[in-house]
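Enquirer: For the sequence shown, the positions run 5 to 304 when this note's numbering is used.
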Amino acid sequence: MRRIEYAKIVETVARLAIESAYELPGDVLGAIEEARAAETDERARRILDQLIENARLASEERIPLCQDTGLAVVFVEQGEDVCVEPPKSSREAGASVAGGTHRPAALITAAINEGIADGYGRGLLRKSVVAEPLRERANTKTNTPAVIHHSVVPGDELSIYVMSKGGGCENKSQVRLFNPTDSAETVKGWIVDVVREAGANACPPFVVGVGIGGNFEQACLIAKKSLLRGMGEANADEFYAQMEADLLAAVNELGIGPQGLGGRTTALAVKIETAPCHIASLPVAVNIECHSHRHKHAVL
Ligand code: SF4
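1. Indicate the three-state DSSP secondary structure (helix, strand or coil) for residue 195 in the structure shown.
2. Please name the residue in 85, 111, 265, 78 whose C-alpha comes closest to that of residue 91.
3. For residue 180, which option in 288, 93, 226 has the closest C-alpha, if you only look at C-alpha atoms?
4. Among the candidates 185, 207, 211, whose CA atom is the shortest distance from the CA of residue 195?
5. Is residue 246 helix, strand or coil by DSSP?
6. What whole-angstrom Cβ distance do residue 251 and residue 192 have, given they're in contact under 8 Å?
7. I'd like the span of the beta strand (DSSP E) that includes residue 8, first residue to last.
8. When you compare each of 147, 123, 296 to residue 16 by their alpha carbons, which one comes out closest?
9. Give the DSSP-derived three-state secondary structure of residue 71 in the structure shown.
10. Confirm the yes/no value for this check: CB of residue 127, any heavy atom of the ligand SF4, distance under 7 Å.
11. Within a Cβ cutoff of 8 Å, which residues of the same chain sit near residue 280, ignoring the five residues on either side of it in sequence?
12. For residue 167, I'd like the list of residues in its chain whose CB is within less than 6 Å of its CB, leaving aside the five on either flank, ordered along the chain.
13. So does the stretch 143-150 actually touch the stretch 46-60, counting three or more Cβ pairs closer than 8 Å?
14. In chain order, what residues of the same chain lie with their CB nearer than 8 Å to the CB of residue 284, ignoring the 5 residues before and after it?
15. Do three or more CB pairs link the stretch 201-210 to the stretch 167-177 at distances below 8 Å?
So, in structure tokens, the structure goes:
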């Protein structure tokens, strides 16, 4: 069994949170540059130039790409041969950690939240999480809790993805439960409508994450997870790769353009993930991601 120090996870998550806020991934920047080269609308080209300049400044001056530094969404894949070494103080005291126990999942959750709080504090990133959604909406002041998706996989590594998910684009995401008899064309038409409704409010150009199948919640989860795939990487299944290409062409025909001011660059990519589903169901979720498509990855 391989042991990974609790403190190492905290430190790694903090670093990923800061880097995510300051550095646009290279493939996302590359996609914006490619869109700039292909864009025919003069105003759209100027906006794409500003996005490229914004990414350069953020990275060089170590400042956030956007004032909304996001809700931290963390995908953690724990190898089955990995365990987490509790913090020294808690080992000595034989005490519980962060309200949990020494169970691995509780330790990982505590370490991730500690890392997010540390990273958002040290990186001077806006804290955007409220403790309760409807009455007081008091800010937790640490940007925690993060939304954590934990899974156990074969191997002895701990893989951690930190995504800084903006609120404006998340608000424009939708899920719909189709009839299983609905056609691919009907589904595609709805996805294009979701992008049309998102419009300028979700800060285009978008990366459009689509989850097809599973059930109500799994469709949303795989839509989110699809956003982690590399920008130039198509779905491995030819049918869905073609659907991604068709959808990208269709949404770019909408004319929304960068920041909603017109042009052909409404989206940089469409990513589809699928899952098996019930014979009576055809869930489809669309997770809209803005041009500030921030995520970082580390393997321990
Ligand atoms: S949607 Fe994205 S670019 Fe727009 S304000 Fe939110 S994080 Fe920033």
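Where is the CB? At the ideal position from N, CA and C, for every residue including glycine.
Expert: Short version:
1. helix
2. 111
3. 288
4. 211
5. helix
6. 6 Å
7. 6-9
8. 123
9. coil
10. no
11. 217, 218
12. 77, 299
13. no
14. 184
15. yes
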